[in-house]
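J.: Read in the UniProt record's numbering, the sequence shown has 161 at position 161, and its numbers run on one by one without any break. The beta-carbon is built from N, C-alpha and C at its ideal position, and this holds for glycine as well. Bear in mind that the values here come from a model prediction, so they are computed numbers and not experimental data.
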Amino acid sequence: MRESLKASWNHRHRLGQTREDAERGVFNPHHSNLPLTLHGPLDLDALDRAWHAMQRRHPVLLSAFDTDAGLWHVGAAEPQDVLRLPSGADAEADLAAVRGAVEEPFDLEHGPVARLVVLPRSAQETYFALVTEHLVSDGWSLNVLIRDLAALYGQEIGAPVPPLPPIQISFQEFVRRQNAEVASEGGRSALARLAARLDGIGAIPAMPVKGFSRATGIRYERNGEFVRRLPRQLCRDLAAAGRPLHLTGLNLMHAALHQALFRLSDRPAVATTLSTANRELPGLTHTAGWFASKTVLASEPGRYPAAPEYLRHFRERVLVTLDDSHLPWPALIDLMDPQAVGRQATVPYVTFNARPIAMRRSVGEIEIPGVRTSPLKVSVGWHDASIATFWDEDEDGVTVAVMHKTDWYAAADVLALWDTVETQLHQWAEELRP
Numbered sequence: 001m002r003e004s005l006k007a008s009w010n011h012r013h014r015l016g017q018t019r020e021d022a023e024r025g026v027f028n029p030h031h032s033n034l035p036l037t038l039h040g041p042l043d044l045d046a047l048d049r050a051w052h053a054m055q056r057r058h059p060v061l062l063s064a065f066d067t068d069a070g071l072w073h074v075g076a077a078e079p080q081d082v083l084r085l086p087s088g089a090d091a092e093a094d095l096a097a098v099r100g101a102v103e104e105p106f107d108l109e110h111g112p113v114a115r116l117v118v119l120p121r122s123a124q125e126t127y128f129a130l131v132t133e134h135l136v137s138d139g140w141s142l143n144v145l146i147r148d149l150a151a152l153y154g155q156e157i158g159a160p161v162p163p164l165p166p167i168q169i170s171f172q173e174f175v176r177r178q179n180a181e182v183a184s185e186g187g188r189s190a191l192a193r194l195a196a197r198l199d200g201i202g203a204i205p206a207m208p209v210k211g212f213s214r215a216t217g218i219r220y221e222r223n224g225e226f227v228r229r230l231p232r233q234l235c236r237d238l239a240a241a242g243r244p245l246h247l248t249g250l251n252l253m254h255a256a257l258h259q260a261l262f263r264l265s266d267r268p269a270v271a272t273t274l275s276t277a278n279r280e281l282p283g284l285t286h287t288a289g290w291f292a293s294k295t296v297l298a299s300e301p302g303r304y305p306a307a308p309e310y311l312r313h314f315r316e317r318v319l320v321t322l323d324d325s326h327l328p329w330p331a332l333i334d335l336m337d338p339q340a341v342g343r344q345a346t347v348p349y350v351t352f353n354a355r356p357i358a359m360r361r362s363v364g365e366i367e368i369p370g371v372r373t374s375p376l377k378v379s380v381g382w383h384d385a386s387i388a389t390f391w392d393e394d395e396d397g398v399t400v401a402v403m404h405k406t407d408w409y410a411a412a413d414v415l416a417l418w419d420t421v422e423t424q425l426h427q428w429a430e431e432l433r434p
């Protein structure tokens, strides 16, 4: 059933950015995607039926958007078939074909905004990618969707799978509640308090560090990237060091990023955006949608030269910041810098995006009946931050991916920032050893 409602704050901001990019002749595939290699026989007809059933279960996948009117139309499109790609000359060609299908733009005006891609390489191996427009799905939602698809596929092939639980709170209902809260007197007061706390910092916190080019008219799609690994022993030492201060290892990593920004920016107060899941409501457990948002975390390393004092200060700032994380970031931008809503950021801000091990464990292994899965490396799209950091925690350490705008920073400048972070982490692991 088609349902129309006012777009969310996240929707409005992202749709504006998409239109701005299109005017420059650029497309950023702002897609959430889960690429896998499936090992074992796959019934493609059964998968197609399961995919149709999942699109009906999650009608947000059949959405369309009216950017000019700021409207979101849920269930506007008909369910689509699985996209089956032919195998090419070799694995590299097949991977390129999958990447192309993942990157392909969605028709936002008419929908749908999701696709399921398969490329059978043999009777025992299939490249697979579940792709959604971020407007209706975030990283956590991909876990919901793949679990549902696996269960529906199991039903189609007669595997013993439990029935799917009901969806208690829809993404549409969440957006209605959020829009109403922001428009209410209490919501406006909360945003005003948050804006006052960030006075002088901003909703999009400018954080230029050594080497910043100050170039204007930068090409946001021009990115550099590198990946680093923090080993298990260092992560264990940091967890132990943070425990008496009621901080996790990831908290210390975020604090070390703040320290590095302080040292390389000569600013008394530093700030990053912090990604939040916004899934505190139990009724959202089985719901797919774009719940993730950002909030601004500021600290003052210069006021607290001793590590324990600074880290207690940082913890207090984390708690205060998370208290306001239910407020959509674009609503804060609209209050503090309305011209920036729906635009790519013109100031160099820095992000901290973490995937703690608790999230990994809550998801568990991906279990599609009759096949075994392994990761397939397909990464698309780019972040609008000048320096975006992604921290993925597992049992053996933390993998850190760092992206940066090459028009603003040379690779050596961003590597210097990382080296400062890593040096700080080793120092704290030694200095704060219990």
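With 16 other CB atoms within 10 Å as the buried threshold, where does lysine 294 fall?
T.: Along the sequence shown, read from residue 1 onward, the residue named residue 294 stands at position 294. So lysine 294 counts as buried.
J.: Look at the alpha carbon of proline 112 and the alpha carbon of alanine 429, and state the distance between them as a whole number of angstroms.
T.: Taking the sequence shown and counting its residues from 1, the one referred to as residue 112 is at position 112. Taking the sequence shown and counting its residues from 1, the one referred to as residue 429 is at position 429. About 49 Å.
J.: What's the C-alpha gap between aspartate 419 and arginine 24?
T.: Translated into positions along the sequence shown, residue 419 becomes position 419. Translated into positions along the sequence shown, residue 24 becomes position 24. Distance between the alpha carbons of aspartate 419 and arginine 24: 35 Å.
J.: How many whole angstroms separate the CB atoms of tyrosine 349 and proline 205, which I take to be in contact at a CB cut-off of 8 Å?
T.: For this step, residue 349 is matched to residue 349 along the sequence shown. For this step, residue 205 is matched to residue 205 along the sequence shown. At roughly 5 Å, the Cβ-Cβ gap stays under 8 Å, so tyrosine 349 and proline 205 are in contact.
J.: Need the endpoints of the alpha helix (DSSP H) that phenylalanine 171 sits in, please.
T.: The residue labelled residue 171 in the question sits at position 171 within the sequence shown. Where phenylalanine 171 is concerned, the enclosing alpha helix (DSSP H) stretches over 171-183.
J.: Rounded to whole angstroms, what is the Cα-Cα separation between leucine 85 and proline 268?
T.: Residue 85 sits at position 85 when you count from the first residue of the sequence shown. Residue 268 sits at position 268 when you count from the first residue of the sequence shown. In a straight line, the C-alpha of leucine 85 is about 54 Å away from that of proline 268.
J.: Rounding to the nearest angstrom, what Cα-Cα distance links histidine 110 and leucine 61 in this structure?
T.: Against the sequence shown, residue 110 aligns to sequence position 110. Against the sequence shown, residue 61 aligns to sequence position 61. Rounded to the nearest angstrom, the gap between the Cα atoms of histidine 110 and leucine 61 is 12 Å.
J.: With three or more beta-carbon pairs closer than 8 Å as the criterion, would you say the stretch 245-265 touches the stretch 300-316?
T.: At 8 Å Cβ cutoff, the stretches touch.
J.: Would you list the residues sitting across from arginine 24 in a DSSP beta bridge?
T.: One-based indexing of the sequence shown puts residue 24 at position 24. Answer is none; arginine 24 lacks a bridge partner.
J.: Residue ranges of each beta strand (DSSP E) run of no fewer than 3 residues wholly in the stretch 106-134, ordered along the chain?
T.: 114-122, 125-133
J.: With DSSP as the reference, label residue 454 as helix, strand or coil.
T.: Since the displayed the chain opens at 1 and closes at 434, residue 454 lies outside it and no answer follows.
J.: Taking the alpha-carbon positions, what's the valine 378 to proline 305 distance?
T.: The sequence position of residue 378 within the sequence shown is 378, counting from 1. The sequence position of residue 305 within the sequence shown is 305, counting from 1. Rounded to whole angstroms, valine 378 to proline 305 spans 43 Å at the Cα level.
J.: For the stretch 183-257, which segments carrying the beta strand (DSSP E) assignment without a break, of at least 3 residues, lie completely within its bounds, in sequence order?
T.: 223-231
J.: Buried or exposed: where does glycine 75 fall if 16 or more other Cβ atoms within 10 Å of its Cβ makes it buried?
T.: In the sequence shown, the residue the question calls residue 75 occupies position 75. Under this definition glycine 75 is a buried residue.
J.: Using only CA atoms, which one of Thr276, Ala190, Asp148 lies nearest to methionine 359?
T.: Along the sequence shown, read from residue 1 onward, the residue named residue 359 stands at position 359. Taking only the C-alpha atoms, the option nearest methionine 359 is Thr276.
J.: What's the gap between the Cα of alanine 69 and the Cα of serine 325?
T.: The residue given as residue 69 occupies position 69 in the sequence shown. The residue given as residue 325 occupies position 325 in the sequence shown. Answer to the nearest angstrom: the Cα atoms are 27 Å apart.
J.: Identify whether glutamate 7 lies in helix, strand or coil by the three-state DSSP scheme.
T.: Here the question's residue 7 lines up with position 7 in the sequence shown. The residue you asked about is not glutamate; residue 7 is alanine in the sequence shown. Three-state DSSP puts alanine 7 in coil, outside helix and strand.
J.: With a threshold of 8 Å, are at least 3 pairs of Cβ atoms found where one atom belongs to the stretch 150-170 and the other to the stretch 181-200?
T.: no
J.: In the DSSP assignment, what residue or residues form a beta bridge with residue 435?
T.: There is simply no residue 435 to check, as the chain begins at 1 and stops at 434 in what is shown.
J.: Less than 8 Å between the C-beta atoms of isoleucine 167 and histidine 73, yes or no?
T.: Reading the sequence shown from its first residue, position 167 is the one you call residue 167. Reading the sequence shown from its first residue, position 73 is the one you call residue 73. Not in contact: isoleucine 167 and histidine 73 (Cβ atoms no closer than 8 Å).
J.: Taking 8 Å as the threshold (C-beta atoms), are serine 137 and serine 213 in contact?
T.: Here residue 213 is taken as the residue at index 213 of the sequence shown, counted from 1. Here residue 137 is taken as the residue at index 137 of the sequence shown, counted from 1. No, they are not a contact pair.
J.: In chain order, what residues of the same chain lie with their CB nearer than 6 Å to the CB of alanine 298, ignoring the 5 residues before and after it?
T.: For the purposes of this step, residue 298 is taken as residue 298 along the sequence shown, with counting starting at 1. Hits under 6 Å: Ile201, Ala269, Ala271.
J.: Starting from the C-beta of alanine 46, find all residues in its chain whose C-beta is less than 7 Å away, skip the five residues before and the five after it, and write them out in chain order.
T.: Position 46 of the sequence shown, counted from the start, is the residue given in the question as residue 46. Contacts found: Tyr153, Glu156, Ile157.
J.: I'd like to confirm the pairing. Which residues does DSSP put opposite phenylalanine 65 in its beta bridges?
T.: Translated into positions along the sequence shown, residue 65 becomes position 65. Paired residues: Trp72.
J.: Helix, strand or coil for tryptophan 290, going by three-state DSSP, please let me know.
T.: In the sequence shown, the residue the question calls residue 290 occupies position 290. In this structure, DSSP gives tryptophan 290 a state outside helix and strand, which the three-state scheme calls coil.
J.: Just checking, does the stretch 89-104 make contact with the stretch 3-13 on the three C-beta pairs under 8 Å criterion?
T.: no
J.: With DSSP run on the structure shown, which of helix, strand or coil describes arginine 355?
T.: Position 355 of the sequence shown holds residue 355. Correct three-state label for arginine 355: strand.
J.: Under DSSP, the alpha helix (DSSP H) around leucine 274 begins and ends at which residues?
T.: Reading the sequence shown from its first residue, position 274 is the one you call residue 274. No alpha helix (DSSP H) contains leucine 274, which is instead part of the beta strand (DSSP E) from 270-276.
J.: Identify the residues that DSSP records as bridge partners of arginine 84: which are they?
T.: As a first step, residue 84 must be located in the sequence shown, where it is residue number 84. Partner(s): Val118.
J.: List the DSSP bridge partners of phenylalanine 390.
T.: Residue mapping note: residue 390 aligns to position 390 of the sequence shown, counting from 1. According to DSSP, which records beta bridges pairwise, phenylalanine 390 is partnered with Asn353, Ala401.
J.: Assuming proline 308 is part of the alpha helix (DSSP H), what are its boundary residues?
T.: Translated into the one-based positions of the sequence shown, residue 308 becomes position 308. That run of the alpha helix (DSSP H) goes 307-323.
J.: Check whether the Cβ atoms of serine 170 and arginine 121 sit closer than 8 Å, and answer yes or no.
T.: Position 170 of the sequence shown, counted from the first residue, corresponds to residue 170. Position 121 of the sequence shown, counted from the first residue, corresponds to residue 121. Cβ distance not < 8 Å, so serine 170 and arginine 121 don't count as in contact.
J.: By Cβ distance below 7 Å, which residues in the same chain neighbour alanine 53 in space, the five residues on each side in sequence not counted?
T.: Start at 1 with the first residue of the sequence shown, and residue 53 comes out as number 53. Cβ neighbours of alanine 53 beyond the five flanking positions: Leu152.
J.: Are there 16 or more other CB atoms within 10 angstroms of the CB of histidine 13, so buried, or fewer, so exposed?
T.: Residue mapping note: residue 13 aligns to position 13 of the sequence shown, counting from 1. Classification for histidine 13: buried.
J.: How far does the alpha helix (DSSP H) with arginine 56 in it extend, from its first residue to its last?
T.: Counted from its first residue, the sequence shown places residue 56 at position 56. Counting along the chain, the alpha helix (DSSP H) containing arginine 56 begins and ends at 44-57.
J.: Would you identify the three-state DSSP class for valine 102, choosing helix, strand or coil?
T.: Start at 1 with the first residue of the sequence shown, and residue 102 comes out as number 102. Of the three classes helix, strand and coil, the one that applies to valine 102 here is helix, per DSSP.
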